[in-house]
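What follows is a single structure, written as structure tokens, with notes after it.
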Amino acid sequence: MDDLKEQKKALRATAKATRCEALKRHGPMAGMMLARKGLDGITVRFDASVACFYPMPDEFDPVALYNKLEADGHPLALPVMQGKGQPLVMRRWVIGDTLIAGTWGIKEPGPDAPEVRPEIVLVPLLAFDKRGYRLGYGGGFYDRTLEKLRRENPNLLAIGLGFDELEVDAVPHDDHDQRLDWVLTPGRTLRCGT
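Counting from 1, position 138 in the sequence shown corresponds to residue 150 in this note's numbering; the numbering is continuous, with no gaps.
Shown next as structure tokens:
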């Protein structure tokens, strides 16, 4: 287990530097390119609910994609932290709603926003591979959340958002790491595990 943690830690450091360089190279165009594609190529119901994530300062801004999804009829949600070791709760979000600063200053809906059981979860990532394994920030929040949501809905789609440059040959993983079904980048739509 310690070896796996060390492998993830090393990849996390490399991936953060790679993402920083990709963000400098692509700038705000990355989010716009992603929005133009939307969920093209992925079969989803026209009104499927989508859990988004609010970007951190060193992630590209996917809000243009969220605008497109909302305009296309997809109800949106954002994650709310429940505490260490707990899955995230998804709460309804309409673009323009007032958000509050949650854990680590990440914006989230207030406690009055209704809880949502999404059919699609957009997932941030630091690295990914073609099999659908992703490297996150190390807290396990999305792994716990996806595991819980997949128990409730086996047809749930998990879609990672990131730069093409973040693809690696193999992400170190163990049994609790949840796989992505798809990865969307500004340059392509990748079906994982095929």
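Positions of the beta carbon are idealized from the N, C-alpha and C atoms, including for glycine.
Going by C-alpha positions, Trp116 is about 16 Å away from Pro99. Excluding five sequence positions before and after Val180, the CB atoms of its chain that fall closer than 6 Å to its own CB belong to Ala139 and Asp141, given in chain order.
The Cβ atoms of Gly144 and Asp176 do not sit closer than 9 Å to each other. Residue state for Met93 is assigned as coil, using DSSP reduced to three classes.
Contact between Leu88 and Glu120 is absent: CB atoms are separated by about 13 Å, not below the 8 Å threshold. In the structure shown, Phe175 falls within a coil segment according to DSSP collapsed to helix, strand and coil. For Met68, there is no enclosing alpha helix (DSSP H), since its DSSP letter is neither H nor E.
With a beta-carbon spacing of about 4 Å, Ala42 and Phe72 fall inside the 8 Å limit used to define contacts. Cα atoms of Leu16 and Ala182: separation of roughly 13 Å, rounded to the nearest angstrom.
For Arg103, the uninterrupted beta strand (DSSP E) segment begins and ends at Val101 to Trp105. In the DSSP secondary-structure assignment, Glu33 is not bridged to any residue.
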